[in-house]
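Single-structure report; data block below.
Protein chains: 2
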Amino acid sequence: MTFELTILGSSSAVPTSKRNLTAHVLNVHERFFLVDCGEGTQIQIRKNKIRFGKIDHIFISHLHGDHIFGLFGLISTFNLLNRDKDLHIYTHPELENILSRHLEYFERSISFKIIYHHLNPKLSELIFEDNKVKVETIPLKHRIPTCGFKFTEKPHLRNLRKNVVQDYKIPISKIQDIKEGGDFIINNGDVVLNDKLTLPPYKSRSYAYCTDTAYSEKIIPIIKNVDLLFHETTFAKNMKRQAKLTYHSTSEDAAKIAKKANVGKLIVGHFSARYKDVSQIISEARDLFPNTYSAEDGEKHIVELTR
Amino acid sequence: MTFELTILGSSSAVPTSKRNLTAHVLNVHERFFLVDCGEGTQIQIRKNKIRFGKIDHIFISHLHGDHIFGLFGLISTFNLLNRDKDLHIYTHPELENILSRHLEYFERSISFKIIYHHLNPKLSELIFEDNKVKVETIPLKHRIPTCGFKFTEKPHLRNLRKNVVQDYKIPISKIQDIKEGGDFIINNGDVVLNDKLTLPPYKSRSYAYCTDTAYSEKIIPIIKNVDLLFHETTFAKNMKRQAKLTYHSTSEDAAKIAKKANVGKLIVGHFSARYKDVSQIISEARDLFPNTYSAEDGEKHIVELTR
């Protein structure tokens, strides 16, 4: 039961020789969600050995080039590989026009259907849900309409204790009911309470993606207690003015949000290309929120199961 | 007096974990010419430590996505870096419409001028010339209008022999004349013949870029005797049928062209992503044309000065 984030790109605006443009892949129980798609994303997907066919949902935070210019090539590759499954893109509505015009010129025909889900960046809403995970938007504060995304695992069932199935001769037909909290009646009519049969369920794991954004306390109730928060840190704290001007965040901003939202772990990235070394940014963030890590291309962040 | 080709990408259609999409940079005396611009080109430019500011001319062979999807990000980066020099793009006319629409949406303003030079893919014509180099088109045979490009160094002047300036007390004002083949009259009226003063000039160096294309002998007179030929080899020779069908070339096709055109060195690339190992392709080409090398991302091919 995987819950694993792979960073594909961690640079802002322009790539560097070490950092590609923004894209993350979240693997929740072998469902792969692509979040943003900067230039080079398909190359990073290959390098990180993620199978193209596993990606059915792409979440686009906003329509700045450094978050979407990889879509053209990725869709072209899906087409060349004769993809036939639907592709869902969650995005500002304008992307539908841009991609449609683009595909009309560049692809003679397209082997799969693209289903666009238009986002409303003004409120937090549920935009995807299946039996394992749900995705909600996070309204962010940027120069253009921008959404973050929160991925939350659906509640786990209780776990059967060791050997109880044999010990009480529980038929398969009863197992789901017990995992959902039910007691079990044995042949002589005695009731075995659920507590004796099961352990508490694992906690639902969660990941929030917040970029691009200026410091905004409005997001705190939405991302409260997430296990993993990615918050952009385009600048170090001495560039507060520049951050404000461009609607980006500093190391301090990201760490303050992480602290106030009581998250488990903070990953910062979307670094300005001016930083060859981001250790200063990380250390500034850690001063306020010690469990901070820098986003590094190709690195994975796993959220383990806990009760 | 550099004449150096850098391969930025060598895969066709889709990138692999080791091969980026097509782009070459030719450095002729510190003028940097970019040829094609597949997705990820700006990242490869950075990795190969080529300065963005040195690139003033971009040559686009044809409007398939794997040759141009890097333009969006590259132009965006030029803009973010506040480029002010003109950028010249040599291309099929339709790219002007595509890029104009694109820039209108994605760039609020653009800090430099883009000058489009429309290509006629039906004939070979001179499309660029300065005091060091000229560029001519090569009509290729592909599914859509496609041009190759031949870069030729302008003729070198003769080289002064060692110590002649001191020995004959040649004034600076006479040097250009002597390098152009003139004799020198010394104070007593005696004539020193040019042969005594100079060595023959270095040969002009040349590079031809031919992709994407089916086998076409029509290009032979245009690329005759070039020092460096890049010819696509999307397929190994056992895929002749597939090559014909898609208007691409095999190892054998490329080598035959190189041989018939009597080129100095053949570089093959634009490999189908099906080939994890291209050694078979190289060995097939070498059977016909021994001086063949595979295009490898980040590798350089230098043409040395010879007389």
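Chains as they are written, first to last, in our numbering: chain H, 1 to 307; chain Y, 1 to 307.
Quick reminder that beta carbons are idealized off the backbone N, C-alpha and C, glycines included.
Compare the beta carbon distance of residue i and residue j with 8 Å and say whether it is the shorter of the two.
i	j	result
H/Ile223	H/Glu4	no
H/Ala208	H/Ile127	no
H/Gly264	H/Thr233	no
Y/Ile219	Y/Ile257	yes
Y/Thr77	H/Val14	yes
Y/His24	Y/Asp212	no
Y/Pro155	Y/Pro201	yes
Y/Val133	Y/Phe149	no
H/Glu180	H/Leu157	yes
H/Lys49	H/Phe32	no
Y/Val35	Y/Leu21	no
H/Val278	H/Phe271	yes
H/Tyr311	H/Ile281	Lying outside 1 to 307, the shown extent of chain H, residue 311 of chain H is not represented and no answer is given.
Y/Thr41	Y/Leu81	no
H/Met1	H/Leu305	yes
Taking residue i and residue j to be in contact with their CB atoms under 8 Å, please state how far apart those CB atoms are, rounded to whole angstroms.
i	j	result
Y/Glu39	H/Gly73	4 Å
H/Asp86	H/Phe112	6 Å
H/Leu160	H/Ile186	Actually they do not touch by this definition, with Cβ atoms about 16 Å apart.
Y/Thr16	Y/Ala285	Rounded, the Cβ-Cβ distance is 20 Å, inconsistent with contact.
H/Ile110	H/Leu103	6 Å
Y/Lys12	Y/Asp297	Here residue 12 of chain Y is Ser; the residue named in the question, Lys, does not match the sequence. Y/Ser12 to Y/Asp297, Cβ: 13 Å. No contact.
H/Glu307	H/Leu199	Checking the sequence, you will find Arg at residue 307 of chain H rather than Glu. Their Cβ separation, rounded to whole angstroms, is 7 Å, which keeps H/Arg307 and H/Leu199 in contact under 8 Å.
Y/Glu153	Y/Arg205	5 Å
What first and last residue would you give for the beta strand (DSSP E) that runs through residue i?
i	result
Y/Tyr105	Element bounds for Y/Tyr105: not the beta strand (DSSP E) but the alpha helix (DSSP H), 94-106.
Y/His118	114-118
H/Ile127	126-129
H/Leu197	Note, H/Leu197: premise wrong, no beta strand (DSSP E); alpha helix (DSSP H) at 194-197.
H/Asn27	23-28
H/Ser294	292-294
Y/Gly269	265-269
Y/Pro139	133-139
H/His301	300-302
H/Ile7	3-9
Y/Val35	31-35
On the DSSP letters alone, give me the boundaries of the alpha helix (DSSP H) that residue i sits inside.
i	result
H/His284	Note that residue 284 of chain H corresponds to Glu in the displayed sequence, not to His. Residues 279-288.
H/Glu252	251-260
Y/Ile309	There is no way to answer for residue 309 of chain Y, as the model of chain Y reaches only from 1 to 307.
For residue i, tell me which candidate among the options has the shortest Cα-Cα distance.
i	options	result
H/Leu216	H/Thr250, H/Phe271, H/Asn187, H/Lys141	Checking the sequence shown, residue 216 of chain H turns out to be Ser, not Leu. Taking only the C-alpha atoms, the option nearest H/Ser216 is H/Lys141.
Y/His118	Y/His92, Y/Phe112, Y/Glu136, Y/Val133	Y/His92
Y/Val226	Y/Leu288, Y/Lys259, Y/Thr250, Y/Gly53	Y/Lys259
H/Arg19	H/Asp66, H/Asn27, H/Tyr90, H/Asn291	H/Asp66
Y/Asn291	Y/Ile68, Y/Phe230, Y/Val28, Y/Ser249	Y/Phe230
H/Pro221	H/Val191, H/Arg241, H/Asn262	H/Asn262
H/Phe52	H/His64, H/Arg83, H/Val28, H/Cys37	H/Arg83
H/Tyr247	H/Lys174, H/Glu299, H/Arg143	H/Arg143
Y/Ala214	Y/Met239, Y/Ile68, Y/Asp190	Y/Met239
Y/Val28	Y/Asn120, Y/Asp56, Y/Phe184	Y/Asp56
Y/Tyr116	Y/Lys122, Y/Glu129, Y/Asn97, Y/Lys237	Y/Asn97
H/Val164	H/Asp195, H/Cys147, H/Leu123	H/Asp195
H/Glu30	H/Gly182, H/Ala295, H/Cys147, H/Asn131	H/Asn131
Y/Cys147	Y/Leu71, Y/Phe235, Y/Cys210	Y/Cys210
Y/Leu95	Y/Phe69, Y/Asn79, Y/Tyr105	Y/Phe69
H/Ala255	H/Leu228, H/Asp287, H/Ala243, H/Gln242	H/Asp287
H/Pro121	H/Tyr90, H/Ser249, H/Arg241, H/Lys162	H/Tyr90
Y/Asp190	Y/Ile175, Y/Lys174, Y/Gln176, Y/Tyr168	Y/Tyr168
H/Ala338	H/Ile170, H/Leu228, H/Arg241	This structure cannot settle anything about residue 338 of chain H, because the visible part of chain H is limited to 1 through 307.
Got a sec: does the ligand NAP put a non-hydrogen atom nearer than 7 Å to the Cβ of residue i?
i	result
Y/Asn163	The model depicted lacks the ligand NAP and carries no ligand whatsoever.
(message) So within the segment 201-244 of chain Y, which uninterrupted alpha helix (DSSP H) runs reach at least 4 residues, ignoring any that extend past its ends?
(response) 220-223
(message) At 4 residues or longer, what runs of the alpha helix (DSSP H) sit wholly inside the segment 141-171 of chain Y?
(response) 164-167
(message) Which complete alpha helix (DSSP H) runs does the segment 52-98 of chain H hold, if anything under 4 residues is left out?
(response) 65-68, 71-80
(message) To be precise: take each residue of the segment 234-268 of chain Y, compare its Cβ to all Cβ atoms of chain B, and keep it if any distance is under 9 Å. Which residues remain?
(response) Within the model displayed, chain B is absent; protein chains H and Y are what it includes.
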